[in-house]
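Inspection log for the structure reproduced underneath, given as structure tokens.
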Amino acid sequence: MPMAPTRSRYSKREANRGAWTPEEDQKLARVIETHGPRRWKLVAAKAGLNRCGKSCRLRWLNYLRPNIKRGNISDQEEDLILRLHRLLGNRWSLIAGRLPGRTDNEIKNYWNSHLSKKIKQKENQSKSPEQDQSQDLRNSAARMHSMAGNNGETSKRDEVMKTDFSRNEILDSFDEGPLNLEWMSRFLEMDESWFSFA
DNA sequence: AATTTGCCCAACCGCAGACTC
DNA sequence: GGAGTCTGCGGTTGGGCAAAT
1 MPMAPTRSRY SKREANRGAW TPEEDQKLAR VIETHGPRRW KLVAAKAGLN
51 RCGKSCRLRW LNYLRPNIKR GNISDQEEDL ILRLHRLLGN RWSLIAGRLP
101 GRTDNEIKNY WNSHLSKKIK QKENQSKSPE QDQSQDLRNS AARMHSMAGN
151 NGETSKRDEV MKTDFSRNEI LDSFDEGPLN LEWMSRFLEM DESWFSFA
């Protein structure tokens with residue numbers, strides 16, 4: 001939901017700060033339409049906004065960009081965030097890149113306000129972390145087993161296990177542009193605890 | 001009804017790496 | 001190759017609002 005224009009929440013220096021007004025949004029959107037979302041300093045100047053380029057970029061990425069999904073994070077999305085965070089840590093932009101329409105800021109906020117608490121609660125509830133971990137391993141093994149369970153071809157599990165994964169290679173591949181979603185979903189099928197064996 | 005508390009989230013800051021001249 | 005500038009990222013801040021007291 002757009003924030004209603006309010007008085008600046010931060011002390012004024014030379015440039016406008018604080019919440020964006022609908023007029024500012026309009027101006028920014030118009031300039032980006034013609035110049036594209038780059039050269040933010042120029043965009044800010046062309047738009048006649050008394051804002052720094054950084055602020056314009058943030059506004060565009062988090063609010064004005066097309067295809068932004070607003071509203072509740074679905075269970076599916078939450079699950080994906082949890083899995084990706086276990087794998088990647090606080091690399092919000094990478095995580096957001098795997099959730100179409102979601103921004104890194106949104107995911108970071110969601111994590112800080114919802115998920116981090118959930119996880120703490122869970123940790124407190126679980127009597128023995130070792131027990132949980134071994135249960136995770138059993139679950140992963142079961143998943144892998146079922147993945148491998150068809151016909152005489154090389155099993156998917158074998159395929160996966162043959163791959164010489166390392167965490168850094170995974171991260172590198174994430175940086176290589178649009179992710180192969182098929183690979184991604186297969187990858188996420190595996191609990192990251194498998195990688196501790198690799 | 002008034003005040004306090006806690007949560008949410010938009011927007012800021014500082015830093016590092018990439019890019020340009 | 002070095003300096004200056006731009007861009008992108010993660011951490012943090014603080015205003016608004018609803019719930020609790």
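For what it's worth, the UniProt record's numbering labels the leading residue of the first sequence as 1, then goes sequentially.
No residue lacks a Cβ here, since even glycine has one placed at the ideal position from N, Cα and C.
I'd like the list of long-range same chain contacts for residue i, defined as Cβ closer than 6 Å, with 5 residues on each side in sequence excluded.
| i | result |
| --- | --- |
| TRP20 | ARG59 |
| ASN16 | ASN50, ARG51 |
| ALA96 | ARG102, THR103, ASP104, ILE107 |
| ASN62 | THR103, ASN105 |
| TRP40 | GLY53, CYS56, ARG57 |
| ILE73 | TYR110 |
Quick check on this structure: which residue in the options has the alpha carbon closest to the alpha carbon of residue i?
| i | options | result |
| --- | --- | --- |
| SER93 | GLN121, GLY53, ARG86, GLU106 | GLU106 |
| ARG98 | GLY89, LEU80, GLY48 | LEU80 |
| PRO37 | ASN90, ARG57, LYS122 | ARG57 |
| GLY71 | ASN109, ARG39, LYS41, ASN90 | ASN109 |
| GLY89 | ARG39, TRP111, GLY18 | TRP111 |
| GLY18 | TRP40, SER55, ILE32 | SER55 |
Keeping to the same chain, check which residues put their C-beta closer than 8 Å to that of residue i; ignore five residues upstream and five downstream.
| i | result |
| --- | --- |
| SER113 | none |
| ASN67 | PRO100, GLY101 |
| GLU77 | LEU99, ARG102 |
Under 8 Å between the Cβ atoms of residue i and residue j?
| i | j | result |
| --- | --- | --- |
| LYS27 | ALA47 | yes |
What residues in its chain sit with their C-beta under 7 Å from that of residue i, if we drop five residues either side in the sequence?
| i | result |
| --- | --- |
| LEU64 | ASP25, LEU28, ALA29 |
| LYS120 | none |
| VAL31 | VAL43, LYS46, ALA47 |
Could you spell out the range, first to last residue, of the alpha helix (DSSP H) harbouring residue i?
| i | result |
| --- | --- |
| residue 199 | Look at the range of the chain in this structure, 1 to 198, and you will see that residue 199 is not part of it. |
| LYS122 | 116-125 |
| ASN62 | Careful: ASN62 lies outside any alpha helix (DSSP H) and carries neither H nor E. |
| TRP40 | 40-46 |
| ASN105 | 104-110 |
| LEU80 | 75-88 |
| SER113 | Run containing SER113: none; DSSP gives neither H nor E here. |
| GLY97 | 92-97 |
Using 8 Å as the threshold, is the region 65-85 in touch with the region 109-124, meaning 3 or more CB pairs across them? Touching, yes.
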